[in-house]
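Take a look at the structure set out below.
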Amino acid sequence: MASQEASRTLQRLPDEILLRIFTYLEPQDFPSLQLGCRKLREISLDNSHWRSRTFEDSPFLETLERRRRMARVLDGDVLNEPLLDVAVSLNQEIDAAEPKVQAVHGTSIARKERRFREIANWDPTFPGESVCWYDEYIQRNAPVTTSWLQQPCIRDGSFEDLLDVRGVALYNPPGDPGNMLAVSPLDDGSICLWDVKGRRGRKGAIVAKSAPGILHIDGPGAVGRSRKIDAGVTECISVDSQGKRAFVAVQGHLKEVDLERLAVVSDQSFEWSIAALSSAHVDAPLTVGTSLGIHLYDYRARHHRPHDAIDQIFDTDPLPQYAPLSQPHPLSILHLPISSDGTILSDDIYVAGRFSNILHYDRRKLAPIVGSIHSGARLASLASLPHSFSPLDTEVRRSGELSVDQVRESKEKPGRTLIAGGEYNTKGSLELYALPNSDRAQSGRQHNSNFKNRYNASQSKILSVITHGTCIVFSDGSGYIKWFERDGFTEVRRMRIGQSEPINRPSLFSQMPGIDDLARKILSTQTPGHSERINDGEILFWTGEKLGLVSLSKTPRFKPSDFSDREPKTEEEMHLEQQEAEYSERMRTALERQADDVRLVRDLGLGA
Numbered sequence: 001m002a003s004q005e006a007s008r009t010l011q012r013l014p015d016e017i018l019l020r021i022f023t024y025l026e027p028q029d030f031p032s033l034q035l036g037c038r039k040l041r042e043i044s045l046d047n048s049h050w051r052s053r054t055f056e057d058s059p060f061l062e063t064l065e066r067r068r069r070m071a072r073v074l075d076g077d078v079l080n081e082p083l084l085d086v087a088v089s090l091n092q093e094i095d096a097a098e099p100k101v102q103a104v105h106g107t108s109i110a111r112k113e114r115r116f117r118e119i120a121n122w123d124p125t126f127p128g129e130s131v132c133w134y135d136e137y138i139q140r141n142a143p144v145t146t147s148w149l150q151q152p153c154i155r156d157g158s159f160e161d162l163l164d165v166r167g168v169a170l171y172n173p174p175g176d177p178g179n180m181l182a183v184s185p186l187d188d189g190s191i192c193l194w195d196v197k198g199r200r201g202r203k204g205a206i207v208a209k210s211a212p213g214i215l216h217i218d219g220p221g222a223v224g225r226s227r228k229i230d231a232g233v234t235e236c237i238s239v240d241s242q243g244k245r246a247f248v249a250v251q252g253h254l255k256e257v258d259l260e261r262l263a264v265v266s267d268q269s270f271e272w273s274i275a276a277l278s279s280a281h282v283d284a285p286l287t288v289g290t291s292l293g294i295h296l297y298d299y300r301a302r303h304h305r306p307h308d309a310i311d312q313i314f315d316t317d318p319l320p321q322y323a324p325l326s327q328p329h330p331l332s333i334l335h336l337p338i339s340s341d342g343t344i345l346s347d348d349i350y351v352a353g354r355f356s357n358i359l360h361y362d363r364r365k366l367a368p369i370v371g372s373i374h375s376g377a378r379l380a381s382l383a384s385l386p387h388s389f390s391p392l393d394t395e396v397r398r399s400g401e402l403s404v405d406q407v408r409e410s411k412e413k414p415g416r417t418l419i420a421g422g423e424y425n426t427k428g429s430l431e432l433y434a435l436p437n438s439d440r441a442q443s444g445r446q447h448n449s450n451f452k453n454r455y456n457a458s459q460s461k462i463l464s465v466i467t468h469g470t471c472i473v474f475s476d477g478s479g480y481i482k483w484f485e486r487d488g489f490t491e492v493r494r495m496r497i498g499q500s501e502p503i504n505r506p507s508l509f510s511q512m513p514g515i516d517d518l519a520r521k522i523l524s525t526q527t528p529g530h531s532e533r534i535n536d537g538e539i540l541f542w543t544g545e546k547l548g549l550v551s552l553s554k555t556p557r558f559k560p561s562d563f564s565d566r567e568p569k570t571e572e573e574m575h576l577e578q579q580e581a582e583y584s585e586r587m588r589t590a591l592e593r594q595a596d597d598v599r600l601v602r603d604l605g606l607g608a
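In this text, residue positions in the sequence shown follow the UniProt record's numbering: the first is 1, and each later residue adds one.
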C-alpha cells in the first residue's frame, strides 16, 4: 500500500520535477521504476535525460577532461615528472570538488554554454536520425555476455558428430515484422536456420535444416573438398529477404536456395572460384566477386532451360556484365545504400580485398572502373553510413572546440561515409572515407578526404566491421569485438568472445574452448526503424565453425545445455561444475601470467 501511495504521489508531480528527481537515481533503478505506471515509464525514457547520461559516462568526456587538466598543468610550467603527477592528481581532486560548489551557488551561464558545446561536439547523431538514447546507454554501458547458438550435429544412435558452420547471413521473413533468422550453409552441404529473436520458439535454437548434400556441386553423393564449400571464403552466403532466397558460393558455382522449401532452385557456374558475394537486394542484381573478376548476376530475370533443338545459331541475349581485376581475390563487396535503413541502393559498388586500393564501379556500366581510393592496407570488410564525414571537423570536435552552429553546419553537409577494416603492417586498420552525394564529379579521381586509424584500433587484423546503433563495431584477430565512436578513433568498449563459453574439457592444460575463437564475421540484429522492445539489438558473429550472439545482460541468454536432450542436471551437479570451471579458469590465468613473466625476464637486456 505504501508503494502504491508513493507511486500516486509521484504521478501528481509535474514532469519537470520528476525528471529532476530521476537525475539522482542510478541507471539500475530505472527498470523497476518503469513498472510503476505508464507516465513514469514515458518520463523515465526521456531522450534528453539519457543523452546527457550517455555523454557523462562517455570516453569522449573522460579524454576531453584529461586533455584540459594536462593543458592547465603545462601552462603552469610544471616540467618535473614527479611534480607533474602530483599536479595532475590535484587537478583531478579540484575537478571532483567543483560540482559540490556549483550545487550550492548554481551553475554559471558560461559553464552551461561550454557543456552544450561539449555535448554538441560529442553527439554522434546526424540531422534527421532518430535514436533512443535509453537503448543507446544500455548498448554502451550494460554488461556484455556471449551466448552460443545450437550447434548442428549428425546422430547415429548414441554417436553424435558436430557439423561446422560455413558462413552466415540474416533473413527477415516478409510479413513477419520482428522475426529474424540466421541462415548458414553447413559442412555436410545442407542449409540451416536459427531463431535469433526467439519469436518462433527457443532463442538460439535450430528452426529448420535441409537434407544434406544439396549444396555440393555434384549433389549429395559428392566427395572431396573441391566439391564442397570453401572454408576460407567469409562472404559466401547472401540472403534476399523479400524474395525468400539465399545464394551460396560453392567453389565456382552459385547455388540459389528457396528458403521456404529449403531446396536448390538454380545453379549458376562461373569461370573462376567465387571469393565474395555482395548483399542481395530485390531491386538490384547480385554482385559476384571471383578470384579474377567482378560479375553482375541478375537472379530476378527468368533463366530459360536449354532446348534439345537449336532454334538459332547466335544467342540474342546480351552477355552478363563483367569487369576483370588486375590483382586477384576480392574479399568484400558493398552496394552503397542511399537511405539509412538500406532499403534504397545507389548505383555505386565498392570492392576491397588483397590489393592496395578500394575499387569503385557503376552498376549501370560495370566494365570501366569509375574511381579508386588508395588505402595501402589489405582490407577485409566494408560498411557505410548515409551521412557526411569530414576528417578535419572530426579532429577539432574531439577537442570540443567547434561551436554548436559549426557542428550543425558540418553535419548538414551532403555526402556519405565509407568504412573499411583490414590489416596494415600486422596491425588493425580502421579507415573512414568521405564520399560525395554524387560521384559523377569525382569520376576517375581518387578520394583524398579520409581518416586511417592504425594507432589504437587493434593490435591485430580487423576481420569484420559493421555499424551498430551510433557506433562502429568490428572484430579482430585477437578475439575481441570493439565498439568505436563514429570518429573512428575513440573506443567506447570491448569484449572478448571466448570468455563466456563454458569449459567442458576436464584437463587444465588442454586447449580451452572459446579461448582462440575469432569472430570472422559480425552482423547487427537491430531491426530497421524503431523497435517496440528495448535492448533488442544484439550482435551475431561467426567464428568459422559456430555461431554466437553478443547480448547485453549479466548472464548468457541461453546455454548449450538448453538445447540438449539429456536429463537436466541437479543443482548440486551444476554447482560442482561451476566450482570446477572457476578453479580451472583461475589456474589458467595464473599459468598465463607466469608465462608472461618468463617471456619478460627472457627479453630483459636484449633491447626488445
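For every residue, glycine included, the Cβ atom is placed at its ideal position computed from N, Cα and C.
Treat the numbers as computed from the prediction; the structure is a model and nothing was measured.
Discussion item. Can you give me the C-alpha to C-alpha distance between ILE358 and LEU193, rounded to a whole angstrom?
Written reply: 33 angstroms
Practice prompt. Using only alpha-carbon positions, find the residue among PRO152, PRO414, GLY428 and ILE154 that is nearest to ASN437.
Written response: PRO414
Worksheet item: If GLY252 sits next to HIS216, beta carbons under 8 angstroms apart, how far is it from one beta carbon to the other, in whole angstroms?
Response: With 8 angstroms as the limit, GLY252 and HIS216 do not qualify as a contact, their Cβ atoms being about 13 angstroms apart.
Item to complete: Just tell me which of GLY213, ARG51 and THR525 has its CA closest to the CA of PHE116.
Response: ARG51
Practice prompt. Measure the C-alpha to C-alpha separation of GLN150 and ILE206 and round it to an integer number of angstroms.
Written response: Rounded to whole angstroms, GLN150 to ILE206 spans 6 angstroms at the Cα level.
Discussion item. According to DSSP, is ALA433 part of a helix, a strand, or is it coil?
Written reply: This sequence places Tyr at residue 433; Ala is not what is there. TYR433 sits in a strand when the DSSP states are folded into three classes.
Worksheet entry | Run of the beta strand (DSSP E) containing TRP272, from where it starts to where it stops | Note, TRP272: premise wrong, no beta strand (DSSP E); not H, not E.
Worksheet item: Relative to the C-alpha of SER340, which residue among GLY128, ASP156 and ALA377 is closest?
Response: GLY128
Discussion item. Within a Cβ cutoff of 6 angstroms, which residues of the same chain sit near GLU580, ignoring the five residues on either side of it in sequence?
Written reply: Once the five neighbours on either side are set aside, GLU580 has no close Cβ partner at all.
Discussion item. Using 8 angstroms as the cut-off, can you tell me whether the region 347-367 makes contact with the region 392-405, which would need three or more C-beta pairs spanning the two stretches below that distance?
Written reply: no
Discussion item. Quick check on ASN453: does DSSP put it in helix, strand or coil?
Written reply: Here ASN453 sits in strand by DSSP.
Item to complete: Could you check the C-alpha separation between TRP542 and GLY167 for me, to the nearest Å?
Response: 7 angstroms
Worksheet item: What separation, rounded to the nearest whole angstrom, lies between the Cα atoms of PRO328 and SER291?
Response: 5 angstroms
Fill in: Nearest-angstrom Cβ-Cβ length linking PHE55 and THR490, presumed shorter than 8 angstroms
In this structure PHE55 does not touch THR490 by the C-beta definition: roughly 12 angstroms separates them, more than the 8 angstroms allowed.
Worksheet entry | Contact the region 233-251 vs the region 267-275: 3+ CB pairs below 8 angstroms | yes
Practice prompt. Check whether the Cβ atoms of HIS360 and SER278 lie closer than 7 angstroms to each other.
Written response: For HIS360 and SER278, no; Cβs fall outside 7 angstroms.
Worksheet entry | Three-state secondary structure assigned by DSSP to HIS134 | It is worth fixing the name first, because residue 134 is Tyr in this sequence and not His. In the structure shown, TYR134 sits in a helix (DSSP, three-state: H, G or I).
Discussion item. Looking only at its chain, what residues have a beta carbon closer than 8 angstroms to the beta carbon of GLY204, apart from the 5 residues adjacent to it on each side?
Written reply: SER147, TRP148, LEU149, GLN150, TRP194, ASP195, VAL196, GLY198, LEU549, ARG557, PHE558, ASP562 and PHE563
Practice prompt. With residue 626 as the anchor, note down where its alpha helix (DSSP H) starts and where it stops.
Written response: Because the chain here runs from 1 to 608, residue 626 falls outside it and cannot be looked at.
Worksheet item: Considering only residues of the region 529-604, which uninterrupted beta strand (DSSP E) runs meet the minimum length of 3 residues and lie entirely inside it, listed in chain order?
Response: With a minimum length of 3 residues, the continuous beta strand (DSSP E) runs that stay inside the region 529-604 are 539-542 and 547-551.
Item to complete: Go ahead and pull the three-state DSSP assignment for MET70.
Response: helix
Fill in: PRO173: first and last residue of the uninterrupted alpha helix (DSSP H) it sits in
Element bounds for PRO173: n/a, residue is neither H nor E.
Item to complete: Could you pull out every residue in the same chain whose Cβ sits closer than 8 angstroms to the Cβ of ASN425, ignoring the five residues on either side in sequence?
Response: ARG454
Worksheet entry | DSSP state of GLY444 mapped onto helix, strand, coil | Caution applies to GLY444, whose pLDDT of 44 falls short of 50 and renders its modelled position unreliable; the value that the coordinates give is listed next. GLY444: coil per DSSP, three-state reduction.
Discussion item. I need the straight-line Cα distance from PRO143 to LEU576, nearest angstrom please.
Written reply: 25 angstroms
Discussion item. At the level of alpha carbons, what is the spacing between CYS37 and ARG53?
Written reply: Their backbone Cα atoms lie some 23 angstroms apart in a straight line.
Practice prompt. Ignore the nearest five residues each way along the sequence and tell me which others in ASP164's own chain have a CB closer than 6 angstroms to its CB.
Written response: ASP187 and GLU545
Worksheet item: Between the Cα of SER241 and the Cα atoms of PRO285, ILE214 and PRO173, which residue gives the shortest distance?
Response: PRO173
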